[in-house]
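For what it's worth, numbering that gives the first Met the number 0 labels the leading residue of the sequence shown as 0, then goes sequentially.
Here a beta-carbon is modelled for each residue, glycine too, at the ideal position from N, C-alpha and C.
Given the structure is predicted, the values throughout are model-derived calculations rather than measurements.
Structure first, commentary second.
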Amino acid sequence: MSTDKTFSVTRHTLTTPKPFDEFIGELEKRSPVVPPEVFGELADLNLPQDELKARVEGLIGSSGFVFFLKVRHDQLFSHFGRTHASVQYAIGNPLIAKDVSDKAPAICLYTPFRLAVYESPETHETIVSYDSPASLFGSFGVPEAAEIGAKLEGKLQDLLTRCL
């Protein structure tokens, strides 16, 4: 069996004159990059749930998020003539991801969600773009999941505003 669903997504884009490297430095101070294997290693310890939760909370940045993945597109693309910086992050909170995927298991498609930061080739401004977690999570038709998405979106907007 196969199903298809078409839905509307809101994409947010912010622009700042702050230099690219300075902006991502601010971003990563508030949301550290935590390699995926760290979470696997924690799971392998078979800790009691409260201790595991405390350890996970200790990895989460002041923003309430971690970056699960950081892909510097410009590192490779610069060898093909690209002159502007760009990075894609997978951002989220593993404890919130667990809660929202309990409401709608298919939401794992969007946890963690994506954040793109890139430098304008024309103006050299830093541009941040992301798809609304509220609209992504809301696409599953589960009100509780949409509410969690809206809260995450507010936290993300707060993080980005602090970095601008």
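Asked, Found
"Cut-off 6 Å between Cβ atoms - residues of its own chain near Tyr-129, not counting five sequence neighbours on either side", "His-11, Leu-114"
"CA-to-CA distance, Lys-154 to Cys-162, given in whole angstroms", "13 Å"
"Exposure of Gly-39, with buried meaning 16 or more beta-carbon neighbours within 10 Å", "exposed"
"With 16 other Cβ atoms within 10 Å as the buried cut-off, status of Asn-164", "Shown here, the chain extends from 0 to 163; a query on residue 164 therefore has no answer."
"Coil, strand or helix - Arg-54 by DSSP", "helix"
"Spatial distance of Leu-151 from Val-33 (CA atoms)", "19 Å"
"Same chain only: Cβ atoms within 7 Å of His-78, ignoring 5 sequence neighbours per side", "none"
"Residues that DSSP places opposite Ala-133 in a beta bridge", "Per DSSP, none; premise fails for Ala-133."
"For Ala-144, three-class secondary structure by DSSP", "helix"
"Simplified DSSP assignment, three categories, for Ala-89", "strand"
"Which of helix, strand or coil DSSP assigns to Phe-79", "helix"
"From Lys-4, Phe-64, Val-70, residue whose alpha carbon lies closest to that of Gln-156", "Phe-64"
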